[in-house]
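Residue numbers (the working numbering): 2 to 241.
From the three backbone atoms N, C-alpha and C, an ideal C-beta is built for every residue, glycine too.
Following this line, the structure appears as structure tokens:
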């Protein structure tokens, strides 16, 4: 997901009257001008829609529906929409609010330490749902059992609330940029110092001043195979 710059976001907000029951003519004209414009603006509009849908404090309104329907008219956007909202935006909101409400709230409040713990719990629960195990940790062979869509949503939440600074896909991109050199990768995301892993939790940074890719953490006590398997999960091909 591309970061929405403040100027563009303000421009969108100034033309959207989201609290009104009926979408305004100004909003319609602005949305139409964006959807008829270039790909970059269409991507920004999609990102804006996702952010609005993540705000579960407000019901899905006419504006969000209109944006969704207009983007569906664009061929190259339709494929992305079908992946992100396979059952529509109402279903997306409901699933997010049911399955990932706690993570959504913690990240929205910038409580990254709590969000990190919740993330690990969710991953374990997703594996447990597909196996008979009640283990409180993951094996590398468990990772492929995590549904791609759920891993995509968890990653999406981290990216949205950190302005694309945190998230598994961010970490994967850094890992690839290091030519998959594990020690160099860990140094880049500030998980180790001179090949020595930092101590949890005090030596990690729990705010947005952390280096890019620093969060979420992943337990390395049993080696790097589990985290490596996550970075090789099929979600990154399917959704990115």
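Residue 39 to residue 47 span [Cα, whole Å]: Translated into positions along the chain shown, residue 39 becomes position 38. Translated into positions along the chain shown, residue 47 becomes position 46. Their Cα atoms are separated by approximately 13 Å.
Segments of 3+ residues assigned as beta strand (DSSP E) that fall wholly inside the stretch 133-181: Listed in chain order, nothing qualifies, since the stretch 133-181 has no complete beta strand (DSSP E) run of 3 or more residues.
Limits of the alpha helix (DSSP H) - the one that residue 71 falls within: Working through the chain shown from its first residue, we reach residue 71 at position 70. Bounds of the alpha helix (DSSP H) holding residue 71 are 63-73.
Inter-stretch contact (C-beta, 8 Å, three-pair minimum) for the stretch 228-240 and the stretch 151-164: yes
Environment of residue 217 [buried if 16+ CB atoms lie within 10 Å]: Against the chain shown, residue 217 aligns to sequence position 216. Counting Cβ neighbours within 10 Å, residue 217 comes out buried, since at least 16 surround it.
Pair within 8 Å by beta-carbon distance, residue 146 and residue 131: Locating residue 146 in the chain shown gives position 145, counting from the first residue. Locating residue 131 in the chain shown gives position 130, counting from the first residue. In contact: residue 146 and residue 131 (Cβ atoms closer than 8 Å).
DSSP three-state assignment for residue 220, whether helix, strand or coil: Residue mapping note: residue 220 aligns to position 219 of the chain shown, counting from 1. DSSP places residue 220 in coil when its eight states are reduced to three.
Top-ranked residue by Cα proximity to residue 225, from 210, 204, 235 and 198: Your numbering for residue 225 matches position 224 in the chain shown. Nearest C-alpha to residue 225: 198.
Same chain, Cβ closer than 7 Å to residue 119, five either side skipped, listed in chain order: By one-based count along the chain shown, residue 119 stands at place 118. 103, 104 and 107, listed in sequence order.
Residue burial classification, residue 65 (beta-carbon count within 10 angstroms, cutoff 16): Numbered from its first residue, the chain shown carries residue 65 at position 64. With 16 or more other Cβ atoms within 10 Å, it is buried.
Buried versus exposed, by CB contacts within 10 Å (16 or more), residue 23: As a working note, residue 23 is residue 22 in the chain shown. Any answer about residue 23 is weak, because its pLDDT of 48 lies below 50 and its placement is not dependable; what the coordinates show is given next. Exposed, because fewer than 16 other Cβ atoms sit within 10 Å of the Cβ of residue 23.
Three CB pairs or more closer than 8 Å across the stretch 138-145 and the stretch 184-201: Touching, no, given that fewer than three Cβ pairs across the two stretches are closer than 8 Å.
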